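In the numbering used here, the protein residues as written are 17 to 128.
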Amino acid sequence: MNIYVGNLPRQATDDDLRQAFEAFGKILSVNIIKDKFTGESKGFGFVEMPKRLEAEAALGALNGKEFMGQTITVNEARPKSDSSRRSGGGYGRGGQRGGGGGYHGGGRGGRR
C-alpha cells in the first residue's frame with residue numbers, strides 16, 4: 017500500500033520518515049519529494065508498505081500526529097492514473113499553444 021504523508025517539516029529526511037513508519041511493519045520504499053532545482057523538500061512524501069493491515073495501522077496512528085514539530089497528514093495515496101489524467105490535460109493545453117505556433121507560421125507565409 018502506498019501512503020501519502022503531508023505537511024512534513026522541510027528538514028525531514030527519508031530516514032526520519034522511515035523510522036516513524038518502521039514501528040508498524042516492513043517498509044518497501046520512502047520518498048520525500050524534493051524541488052528539482054533547489055533540492056529542498058516540498059513538504060510531502062510517500063511511504064510504501066507491502067502489508068495493507070500494517071499500513072492501515074500506521075495511517076490510524078500517525079495521521080494528525082506531531083512529527084519533528086509539525087502535525088502531519090497521513091492518507092492512502094491516490095492511484096497514479098488520477099495524476100496522469102491531470103497531466104494529460106496540461107499536455108492538451110500545450111498542444112493548443114503549438115497550434116498557435118502554426119497560425120503564426122501561416123502569418124509568415126502571408127508576408128511573402
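By construction, the Cβ of each residue, glycine as well, lies at the ideal position given by its N, Cα and C atoms.
None of the values given here were measured: they were computed from a predicted structure.
Tell whether a beta-carbon distance below 8 Å holds between residue i and residue j.
i     : j     : result
Leu33 : Val63 : yes
Phe53 : Val21 : no
Gly80 : Thr87 : yes
Would you report the Cα separation of residue i and residue j, rounded to the nearest angstrom?
i      : j     : result
Ala74  : Met17 : 11 Å
Pro66  : Ala93 : 14 Å
Ala39  : Asn91 : 17 Å
Gly41  : Glu82 : 20 Å
Ala36  : Met84 : 10 Å
Gly104 : Leu78 : Note that Gly104 scores 49 on pLDDT, short of 50, meaning its location in the model is unreliable; the coordinates nonetheless yield the value given after this. Gly104 and Leu78: Cα-Cα distance of roughly 33 Å.
Arg68  : Asp51 : 30 Å
For residue i, which option in the options has the closest C-alpha, if you only look at C-alpha atoms?
i     : options                       : result
Gly55 : Phe37, Asp31, Gln27 and Lys67 : Gln27
Asn47 : Thr29, Lys67, Ile88 and Ala36 : Thr29
Ile43 : Pro95, Ala71 and Ala77        : Ala71
Ser45 : Ile19, Ser57 and Lys58        : Ile19
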